[in-house]
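Beneath this line is the structure, given in structure tokens, with notes to follow.
Residue numbers (UniProt numbering): 1 to 297.
Encoded structure:
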């Protein structure tokens, strides 16, 4: 049988990105947390953590974290059926990986009612939609919104719809860089804005216009900051249509090539053995996201 105090220590170290903060969350000394990790490693016969900054789970550590995530959710179901088992009666905290653009647009309205009625707290981990699934694979989160369709072992994926991205810039930027018209060559020369190293939207957009090779761009790892930089005339970029309807209507932003856009499909991933809570959230998201995202014809 597992000693769940040891597994809780492992989960806390990974989730809190270090032993010191894990100790604070668990109400233990840092040395006590370290001892629990060592005892867990002794019992499984191999390391469960890579001692780096931040600590990262090993392969066996990831399997144990996956197990902990699912046990927490199953315990939540049991406590709902047998309230006397929950001595603290604290709300469940769901760790969810989500892309920044979803967080900046449709996510809040899609989950507010669910969290209120189910008394659920969220711990959101922001990752680019192309790489968010790595958090599921590492056992760090109970669910994930990302662009990958294929789930990791032990999980399921549900299609939510697609985020539509349009190439936008400020009127002053257009006047400065596209006085002769918006062409593929002019786009390749004008500075772009890219969310981060994993963001390939601008690359895909230019490739669709026949442009290959490098291009100049600003890096801005913030959805709100991305829009502010675009409105400020620092560059052009692929922006979620949901996020800039007012800016387009007011003329603060203009579309560069109206007939060309990119739809990025989004999927909700969750553990199969996540219990009734995750099943309920899955159905809620399926309905709520459908009203905000672009649906397949």
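No residue lacks a Cβ here, since even glycine has one placed at the ideal position from N, Cα and C.
Counting only runs of 3+ residues fully inside the stretch 180-229, write out the beta strand (DSSP E) ranges in chain order. Contiguous beta strand (DSSP E) elements confined to the stretch 180-229 occur at 192-194 and 217-219, taking only those with 3 or more residues.
Under the DSSP definition of a beta bridge, which residues are partnered with residue 263? Residue pairing of residue 263 in beta bridges, as defined by DSSP: 164.
Tell me whether residue 73 sits in a helix, a strand or coil according to DSSP, three-state version. In the structure shown, residue 73 adopts helical secondary structure according to DSSP, grouped into three states.
Residues near residue 218 in its chain [Cβ-Cβ closer than 8 angstroms; skip 5 each side]: Excluding its 5 nearest sequence neighbours in each direction, residue 218 has C-beta neighbours in its own chain below 8 angstroms: 191, 192, 193, 194, 229, 234 and 235, listed in chain order.
Using CA coordinates, which residue listed in 119, 28, 207 and 34 is at the minimum distance from residue 260? The option with the nearest alpha carbon to residue 260 is 207.
N- and C-terminal bounds of the alpha helix (DSSP H) containing residue 290: That run of the alpha helix (DSSP H) goes 275-290.
Sequence-distant residues of the same chain with beta carbon closer than 7 angstroms to residue 133, five excluded per side: Residues 144, 146, 148, 152 and 269 of the same chain have their beta carbon placed closer than 7 angstroms to that of residue 133, with the five preceding and five following residues left out of the count.
Look up residue 157 in the DSSP assignment and give the residues it is bridged to. Answer is 269.
Endpoints, alpha helix (DSSP H) assigned at residue 252: Careful: residue 252 lies outside any alpha helix (DSSP H) and carries neither H nor E.
Tell whether a beta-carbon distance below 7 angstroms holds between residue 49 and residue 139. No.
CA-CA distance, residue 54 and residue 31? Cα to Cα, residue 54 sits roughly 17 angstroms from residue 31.
If you follow the alpha helix (DSSP H) that residue 127 is part of, which residue opens it and which one closes it? Here residue 127 belongs to no alpha helix (DSSP H), and DSSP marks it neither H nor E.
Report all residues from its chain with a CB closer than 7 angstroms to the CB of residue 11; omit the five preceding and five following residues, and keep chain order. Here the set comprises 65 and 68.
Would you identify the three-state DSSP class for residue 293, choosing helix, strand or coil? Residue 293: coil per DSSP, three-state reduction.
Helix, strand or coil at residue 23 according to DSSP, with G and I counted as helix: Looking at residue 23 - three-state DSSP - the assignment turns out to be helix.
With distances taken Cα to Cα, identify the nearest neighbour of residue 225 among 131, 75 and 100. The option with the nearest alpha carbon to residue 225 is 100.
Going by C-alpha distance, which of 51, 58 and 52 is nearest residue 44? Per the Cα distances, 58.
Kindly indicate the opening and closing residues of the alpha helix (DSSP H) around residue 39. Where residue 39 is concerned, the enclosing alpha helix (DSSP H) starts and stops at 30-44.
When the Cα of residue 256 is compared with those of 182, 161, 247 and 16, which residue comes out closest? Measuring C-alpha to C-alpha distances from residue 256 to each of 182, 161, 247 and 16 identifies 182 as the nearest.
With a 10 Å radius around its C-beta and 16 neighbouring C-beta atoms as the bar for buried, classify residue 258 as buried or exposed. With fewer than 16 other Cβ atoms within 10 Å, it is exposed.
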